[in-house]
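A.B. asks: Protein chains in written order, with the numbering used here: chain L, 1 to 305; chain F, 1001 to 1571.
Backbone N, C-alpha and C define an ideal beta-carbon position, used for all residues, glycine too.
In this text the structure is predicted, and so the values were computed from the model without any measurement.
Let me give you the structure first, and then I'll get to my questions.
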């Protein structure tokens, strides 16, 4: 087990390193950062001088090597546009992103599992059909459209909730729904189909034959065994929520890491992009490692090698 | 129904009716369903009080609260208590240190907090602000400013000649520039040094005579020496110090910046107590904020949303013609565009009036006539081109144009109002003429790199701005402002003559001579047609009628222009 964890952690470091290398290369290929950072009124001579001062005229591997050498010591550098340490900038925005993605994740967890279980338990009922219609609609509607509609109805027309911005719990409701709707819908479908598969198994029939109550059969015997594919999906959801949060953050003017990263990419703020990529990719890889470890807890047949 | 519900509620409160949990749940669900149905039908009879929830939502001022709580009434009333104005824009500056960022957006933020020696007024004339008197050089080199007495930065230190000297010294300091300070103004002005004559008199001396220097004094914010001399760059990036009418309070990046009225401001205390700038990237969200009463001014209004604002009696649509000249840059060094007649033909080939009317909703006033736009400076003898495809064809044929070659029009997808749609319309006109034209969309950084490296091999849509002053505007195609990619100077017949005359205008301080030279330069430029002039970029704003704010042409967002009173809440 320990050997497995150590090996996976080492592989995770390699993955994060690879991601940072690819993103650095892509940023490098997408144009001259000195020109992008220069103001409109700059002369070519001023841009050349600036390029040299900032070290952008050095080969890419020298620049990348310098970044890695600093990053392994926890120094991700200073933002080229904001002139502040990039790690500080990321940590400033991280609570907002975690608040939003965490709420959407919680929403997904709390809604999709009961919806899926009930749908499977009452297969082909009106409830099942309504729930699957909701799931289909939830998966079909793009997040920007859902967000805009939520704002129009609940913030502008009904004036129940604020339009945008980060503040109290009321500010969180609409963005969390907009972001969480897709995973709720998708996971509900997966939980339902996974449950249906398990409900047809022999051991479930045996449990019923023993005269166990329906809820006990459903939750103790069927649900636990239906969890494996669902846990995988919830793990992957973290990645979706972090990337989907960019659009939600823009629509709801939510000051999170997603918007910071997109602005950094558009502004060719290399140190900030690299730091964001390393932090987000690192988080994603770690969560997937935790999900893999959770398999062993849920299913004793799973062995880590 | 409302009265019945009211009566029932009163009876419930009095304990005459007992409700079970199931009753309450049922009632709640019914009410929610009814409200949602009404909302979906566009009904406004639901008069739930507006939730002015928290400061981070940019909650409206008392006047705005009165507006929204009255069911979005058309006539806002209350102006007692502290007055707050909320502006929502699509973006925010990366830093609040003016010597580290040159984007237009930083000016809109800092204009409320910091000041220049001089400023453009609404008519684009240069007016004194911190300077009581300003004097152009008599020796060609020395600009002299006498400052108003008794002006103070928020920390109580004086706004004086030393502050002006400190500002220029900081910007020119080589060590600072190595750390990323990138203020181009002193270099563009050609500043050599600054002399403090007495506490209120300062001389800015250029290395060589240059008429370019004058309008750029409207672009350099004067900094507080004690504050900016003692703070690190990462501190000045997030907390500015100034002498302006509003004082910095806080900045939650990506969310909002708050300012409060400077009660000791030298021109008097502004009427608005709190100014909030919110960053809201999505245009429909900004519109929702305006409709909800959470924002008084919204910027970057999508032209498609303009009718919604115009139709609402509570709001007005404001447009600001900017100094950005939208044009098609024609690389004169490319074989297909080497012949002047081929370039001139493009002026006739594109139906600019139709693009303005049908693509841009009629917001730019008219087709651009000359590259010089400051009132009093355009050459009166130059007439705007009109759409004439036959004339275009005959000019292209006369130039031996190869109709089979592909023509590319480079553009970015963003960067201007409906830029991609405009590009598509231009290409459609060229295709109608018989050209094999297509739009080539570039990433904005790739586009900027190509523009600055003069690497465009075919047509591109450009947008050039410059301080509003004739002698500066004619610098745009020369490379002195580093923005043109047409090779006009080095690849056309008139180029060298243009450069020669331009050198004269840079060193001529006589007004009549300047006008004559600027007129000649415009004529030479138009004859060569390195730019196909389209229109001036327009910015649209949605404004709640409770404020008298209007946008300006140069800075777009300014709350206290020279020669005017400050922005007021009038409702």
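Are any of the Cβ atoms in chain L nearer than 8 Å to that of residue 1479 of chain F?
C.D. replies: Answer yes: the Cβ-Cβ gap between residue 1479 of chain F and chain L drops below 8 Å somewhere.
A.B. asks: Got a sec? Which residues, its chain only, sit under 7 Å from residue 1264 of chain F by beta carbon, not counting five neighbours each side?
C.D. replies: Cβ neighbours of residue 1264 of chain F beyond the five flanking positions: 1152.
A.B. asks: Would you call the CB atoms of residue 1090 of chain F and residue 1117 of chain F closer than 8 Å?
C.D. replies: It is not a contact, given that the beta carbons lie outside the stated cut-off.
A.B. asks: Can you tell me the Cα-Cα spacing of residue 1266 of chain F and residue 1447 of chain F, whole angstroms?
C.D. replies: Whole-angstrom Cα-Cα distance: 44 Å.
A.B. asks: Indicate whether the contact test is met: 3 or more Cβ pairs, each with one atom in the segment 1290 to 1305 of chain F and one in the segment 152 to 166 of chain L, closer than 8 Å.
C.D. replies: These segments touch.
A.B. asks: Residues of chain L with a CB under 7 Å from the CB of residue 1499 of chain F: which are they?
C.D. replies: Residues of chain L passing the Cβ test: none, with the nearest at roughly 15 Å.
A.B. asks: Taking DSSP's pairing of strands, which residues face residue 191 of chain L in a bridge?
C.D. replies: DSSP output for residue 191 of chain L lists no bridge partner at all.
A.B. asks: Quick one: is residue 220 of chain L buried, meaning 16 or more other Cβ sit within 10 Å of its Cβ, or exposed?
C.D. replies: Exposed, because fewer than 16 other Cβ atoms sit within 10 Å of the Cβ of residue 220 of chain L.
A.B. asks: To which residues does DSSP link residue 1463 of chain F through a beta bridge?
C.D. replies: F:1326, per the DSSP bridge assignment.
A.B. asks: Would you list, in chain order, the members of the segment 148 to 159 of chain L that have their beta-carbon closer than 9 Å to a beta-carbon of chain F?
C.D. replies: Flagged, chain order: 148, 151, 152, 153, 154, 155, 156, 157, 158 and 159.
A.B. asks: Note down, in chain order, each residue of its chain lying with its Cβ closer than 7 Å to the Cβ of residue 1552 of chain F, except the 5 sequence neighbours on either side.
C.D. replies: Counting only Cβ-Cβ distances below 7 Å, and skipping sequence neighbours, we find 1122, 1320, 1558 and 1561.
A.B. asks: At 9 Å on the CB atoms, spell out the chain L contacts of residue 1177 of chain F, in chain order.
C.D. replies: The answer, in chain order, is 49, 50 and 53.
A.B. asks: What are the boundary residues of the alpha helix (DSSP H) that includes residue 93 of chain L?
C.D. replies: Here the alpha helix (DSSP H) through residue 93 of chain L covers 86 to 121.
A.B. asks: With DSSP collapsed to three states, give me the class of residue 282 of chain L.
C.D. replies: Note: residue 282 of chain L maps to helix in three-state DSSP.
A.B. asks: Counting only Cβ-Cβ distances shorter than 7 Å, please list the residues of the segment 1184 to 1209 of chain F near chain L, keeping chain order.
C.D. replies: Flagged, chain order: 1184, 1187 and 1188.
A.B. asks: Compute the beta-carbon to beta-carbon distance between residue 1421 of chain F and residue 1387 of chain F, rounded to the nearest angstrom, for a pair I have assumed lies under 8 Å.
C.D. replies: That pair is no contact at about 18 Å.
A.B. asks: Are residue 1271 of chain F and residue 1487 of chain F close, meaning C-beta to C-beta below 8 Å?
C.D. replies: In this structure, residue 1487 of chain F does not lie closer than 8 Å to residue 1271 of chain F by Cβ.
A.B. asks: Pick helix, strand or coil for residue 1352 of chain F, following the three-state DSSP scheme.
C.D. replies: In this structure, residue 1352 of chain F counts as helix in the three-state DSSP scheme.
A.B. asks: Cβ closer than 9 Å: which chain F residues qualify as neighbours of residue 180 of chain L?
C.D. replies: None at all; the shortest Cβ gap to chain F is about 19 Å.
A.B. asks: The alpha helix (DSSP H) with residue 27 of chain L in it runs from where to where?
C.D. replies: Residues 2 to 29.
A.B. asks: Does residue 1048 of chain F come within less than 8 Å of chain L when only Cβ atoms are used?
C.D. replies: The predicted model places residue 1048 of chain F with a pLDDT of 32, which falls under 50 and marks its position as unreliable, so this point remains unresolved.
A.B. asks: Tell me the rounded alpha-carbon separation between residue 1216 of chain F and residue 1466 of chain F.
C.D. replies: Going from the Cα of residue 1216 of chain F to the Cα of residue 1466 of chain F covers about 10 Å.
A.B. asks: Apart from the five residues on each side of it in sequence, which residues of its chain come closer than 8 Å, Cβ to Cβ, to residue 1449 of chain F?
C.D. replies: Excluding positions up to five away in sequence, the list reads 1455.
A.B. asks: From residue 13 of chain L to residue 1299 of chain F, what distance separates their C-alpha atoms?
C.D. replies: Distance between the alpha carbons of residue 13 of chain L and residue 1299 of chain F: 44 Å.
A.B. asks: As a quick exercise: from F:1243, F:1235 and F:1549, pick the residue whose alpha carbon is nearest that of residue 1251 of chain F.
C.D. replies: Considering only alpha carbons, the answer is F:1235.
A.B. asks: For residue 287 of chain L and residue 1539 of chain F, I'd like the C-alpha separation in whole angstroms.
C.D. replies: Their Cα atoms are separated by approximately 45 Å.
A.B. asks: Shorter than 8 Å from the beta carbon of residue 1039 of chain F to some beta carbon of chain L?
C.D. replies: Reliability fails at residue 1039 of chain F, whose pLDDT of 37 lies under 50, so the model's placement of it is uncertain and the value that follows must be treated cautiously. Closer than 8 Å to some Cβ of chain L, the Cβ of residue 1039 of chain F qualifies, so yes.
A.B. asks: Quick one, which residues of the segment 67 to 93 of chain L are near chain F if we go by CB-CB under 9 Å, in chain order?
C.D. replies: Answer in chain order: 78, 79, 80, 81, 82, 83, 84, 85, 88, 89, 92 and 93.
A.B. asks: Evaluate the contact criterion for the segment 1212 to 1228 of chain F versus the segment 1158 to 1170 of chain F: three or more CB pairs, one atom per stretch, below 8 Å.
C.D. replies: Contact holds: three or more Cβ-Cβ distances are below 8 Å.
A.B. asks: Among all the DSSP beta bridges, which residues are the ones paired with residue 1542 of chain F?
C.D. replies: Beta-bridge pairing links residue 1542 of chain F to F:1298 and F:1317.
A.B. asks: Using beta-carbon positions only, say whether residue 253 of chain L and residue 1278 of chain F come within less than 8 Å of one another.
C.D. replies: Cβ distance < 8 Å, so residue 253 of chain L and residue 1278 of chain F count as in contact.
A.B. asks: So what does DSSP say about residue 1132 of chain F, is it helix, strand or coil?
C.D. replies: Reduced to three states, the DSSP call for residue 1132 of chain F is strand.
A.B. asks: What three-state label does DSSP hand residue 1220 of chain F in the structure shown?
C.D. replies: DSSP places residue 1220 of chain F in coil when its eight states are reduced to three.
A.B. asks: Is any beta-carbon of chain F found at less than 8 Å from that of residue 267 of chain L?
C.D. replies: Judged by the 8 Å Cβ criterion, residue 267 of chain L is in contact with chain F.
A.B. asks: In the segment 1264 to 1281 of chain F, which residues sit with their C-beta less than 9 Å from some C-beta in chain L, listed in chain order?
C.D. replies: Taking 9 Å as the Cβ-Cβ cut-off against chain L, the residues of the segment 1264 to 1281 of chain F that qualify are 1278, 1279, 1280 and 1281.
A.B. asks: Which of the residues in the segment 1288 to 1300 of chain F, read from start to end, lie with their CB under 8 Å from any CB of chain L?
C.D. replies: Correct list: 1288, 1289, 1291, 1292 and 1294.
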